[in-house]
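Only one structure is covered here, and it is reproduced in the block below.
Residue numbers (the working numbering), protein chains in the order written: chain R, 20 to 352; chain U, -3 to 322.
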């Protein structure tokens, strides 16, 4: 089914396409430049030059490693929600709020009607795609997660906030498609926060994707998915990209009880561990994935964005993925 | 009716200016081995002083230490008991905040007081009474992973956490705490077992001595268990009204034999609630409380807000509350 859709979009992917969830670590020079830019020591153009250089580095690296579906690496983003809040109308960027331990982030505040005014990620997508002949995913954060990770001072309730965001985020998806993106990933890591709101998340994603000619992936991670499975299969996307390895592939048991009916991007390496998995471990995980999802429907990637790792660790983890997939493909042929 | 204006627990430990970021910096320097534990303690002390000063400046009658020293509501307590180790991150209810999950590897034993020194310090730098806050036995038990097989049974976990916390409650009472707050948010979870939760609370109530016990519940609708909460041996029930649209009506009709902690101000959103709406709720609730005290407080701790917004929330709370103070 989804293979047909991919083909109809002109995408002929190998079995077990390899990809990444989105973010890659920022090289030191870019990390330092971001700090200097925040202090007003360098210009926006200086920073952007380094962001472009880092994006180019990651595109080359993914190509050299032999990844099938590429990502731009999100070198230009600080945070997956704040970035969109900064680039849409209706948000104010609030003060620091703790997320855990000694980690803080700036939680956006919705203070007026949210409005998409101009493309946010499109020029980055275009730049990344111009560097490679392999497909590059369009990447954005979904309305349910932007709603859940923002304060709301304007809309009457969560539903109104979420649906208003959905209508605006759809415009970004349309702009990505217009630019030529055929695979679009909409991240919804907040999906499992309130299981009773799953119908709202579904409705919002419907607003974002309905009738649009693209292969849609939705990424989610580190949640109580057992509470929203199998209901989550009703979401209008072609592929769920799920963290599996950090939770010991626990979800597979649920997929055995109730069949997984979408394509699955299967997280085969843990992004929160410095340890580089060995190829045998990843091969074994892929085989476990094949027990619940047919090869035609299985994609292989890390659990989540690799930005938490060093550049070397991220590359090493990707290399293991590619090698493991090569071995499994050979045995399937 | 004496309406006491108070905080529900946490207060932001960071702000937007450098002098409010000393704790973050010191912890980062500690990670690079450029600071000592004594440096962390000094930075914590400083941020506790500031948290208390801001609560007093906003006009609260009763303050907390802001839980500035707490890594999170679970591991700060569980991690200081023998028999636990601390594991990975898990989302704290439906917030954007994560806590570290304790793992029970052996019998739980409280080797020394956990919060007493922190309480004493807070009292020493506050011109207003201080309310110590601890997380309750049921919530700690529910969020613990189990490796030691005797704790596979939730009842055993609650019992042993309750035993450890009872010693803490007794010590806090002996240290002079007049009102001790116990947070038990896990009772709002779908599969909560009320009887186990109640047994844990009873164990704490037995040792409170002259102190009064306040049971606070956030992050969910307490309407279904409201009647049963009234039967518990606690002096104050703190309720989060943001999840319970019917709760004001219900209490206005059924009344409350307990003093109530009225969580009518949303501790999790920056928006300031309508003064008229909160005042109307108070007008209906206060006559229904068959106690000579009530508390007005945010629905949760304030750490979910940026610092400037947390302070504004407290000022807003005080502005509304003053209209009802005798």
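From the three backbone atoms N, C-alpha and C, an ideal C-beta is built for every residue, glycine too.
CA-to-CA distance, residue j to residue i, given in whole angstroms
i	j	result
residue 235 (chain R)	residue 296 (chain R)	29 Å
residue 124 (chain U)	residue 49 (chain U)	10 Å
residue 207 (chain U)	residue 167 (chain U)	11 Å
residue 16 (chain U)	residue 32 (chain U)	19 Å
residue 198 (chain U)	residue 79 (chain U)	23 Å
residue 27 (chain R)	residue 230 (chain R)	15 Å
residue 9 (chain U)	residue 30 (chain U)	21 Å
residue 82 (chain U)	residue 150 (chain R)	45 Å
residue 145 (chain R)	residue 198 (chain R)	7 Å
residue 68 (chain U)	residue 145 (chain U)	26 Å
residue 265 (chain R)	residue 279 (chain R)	20 Å
residue 284 (chain R)	residue 148 (chain R)	21 Å
residue 122 (chain U)	residue 45 (chain U)	8 Å
residue 178 (chain U)	residue 292 (chain R)	35 Å
residue 244 (chain R)	residue 272 (chain R)	12 Å
residue 56 (chain R)	residue 332 (chain R)	27 Å
residue 55 (chain U)	residue 127 (chain U)	15 Å
residue 214 (chain R)	residue 282 (chain R)	22 Å
residue 40 (chain R)	residue 284 (chain U)	54 Å
residue 35 (chain R)	residue 241 (chain R)	23 Å
residue 245 (chain U)	residue 223 (chain U)	14 Å
residue 351 (chain R)	residue 143 (chain R)	36 Å
residue 35 (chain U)	residue 200 (chain U)	34 Å
Proximity of residue i and residue j at Cβ, strictly below 7 Å
i	j	result
residue 90 (chain R)	residue 156 (chain R)	yes
residue 37 (chain R)	residue 334 (chain R)	no
residue 322 (chain R)	residue 290 (chain R)	yes
residue 4 (chain U)	residue 58 (chain U)	no
residue 3 (chain R)	residue 188 (chain R)	Outside the shown range of chain R (20 to 352) lies residue 3 (chain R), about which nothing can therefore be said.
residue 210 (chain U)	residue 234 (chain U)	yes
residue 236 (chain U)	residue 214 (chain U)	yes
residue 97 (chain R)	residue 77 (chain R)	no
residue 180 (chain U)	residue 251 (chain U)	no
residue 192 (chain R)	residue 227 (chain R)	yes
residue 277 (chain U)	residue 298 (chain U)	no
residue 288 (chain R)	residue 336 (chain R)	yes
residue 85 (chain R)	residue 341 (chain R)	yes
residue 194 (chain R)	residue 138 (chain R)	yes
residue 292 (chain U)	residue 258 (chain U)	yes
residue 203 (chain U)	residue 165 (chain U)	yes
residue 171 (chain R)	residue 112 (chain R)	no
residue 271 (chain U)	residue 316 (chain U)	yes
Helix, strand or coil at residue i according to DSSP, with G and I counted as helix
i	result
residue 93 (chain U)	coil
residue 143 (chain R)	helix
residue 119 (chain R)	strand
residue 24 (chain R)	helix
residue 153 (chain U)	helix
residue 77 (chain R)	helix
residue 10 (chain U)	coil
residue 161 (chain R)	coil
residue 66 (chain U)	coil
residue 319 (chain U)	coil
residue 300 (chain U)	coil
residue 177 (chain U)	strand
residue 340 (chain R)	helix
residue 28 (chain U)	coil
residue 40 (chain R)	coil
residue 319 (chain R)	strand
residue 88 (chain U)	coil
residue 131 (chain U)	strand
residue 50 (chain R)	helix
residue 280 (chain R)	coil
residue 220 (chain U)	helix
Whole-Å CB distance - residue i paired with residue j, under 8 Å assumed
i	j	result
residue 205 (chain R)	residue 237 (chain R)	5 Å
residue 103 (chain R)	residue 159 (chain R)	7 Å
residue 88 (chain R)	residue 196 (chain R)	Not a contact, Cβ separation roughly 16 Å.
residue 287 (chain U)	residue 254 (chain U)	6 Å
residue 290 (chain U)	residue 19 (chain U)	Wrong, their Cβ atoms sit about 34 Å apart, outside the cutoff.
residue 85 (chain U)	residue 96 (chain U)	6 Å
residue 239 (chain R)	residue 207 (chain R)	5 Å
residue 343 (chain R)	residue 301 (chain R)	4 Å
Quiz item: Just checking, does the segment 220 to 233 of chain U make contact with the segment 133 to 147 of chain R on the three C-beta pairs under 8 Å criterion?
Solution: no
Quiz prompt | Cβ contact check for the segment 98 to 105 of chain U and the segment 161 to 179 of chain U: 3 or more pairs under 8 Å | solution = no
Quiz item: How do the segment 211 to 220 of chain R and the segment 165 to 184 of chain R stand: do at least 3 beta-carbon pairs fall below 8 Å, yes or no?
Solution: yes
Quiz item: Is there contact between the segment 133 to 144 of chain U and the segment 111 to 119 of chain U, where contact requires at least three CB pairs shorter than 8 Å?
Solution: no
Quiz item: If you pair each beta-carbon of the segment 265 to 284 of chain U with each one of the segment 32 to 43 of chain U, do three or more pairs fall below 8 Å?
Solution: no
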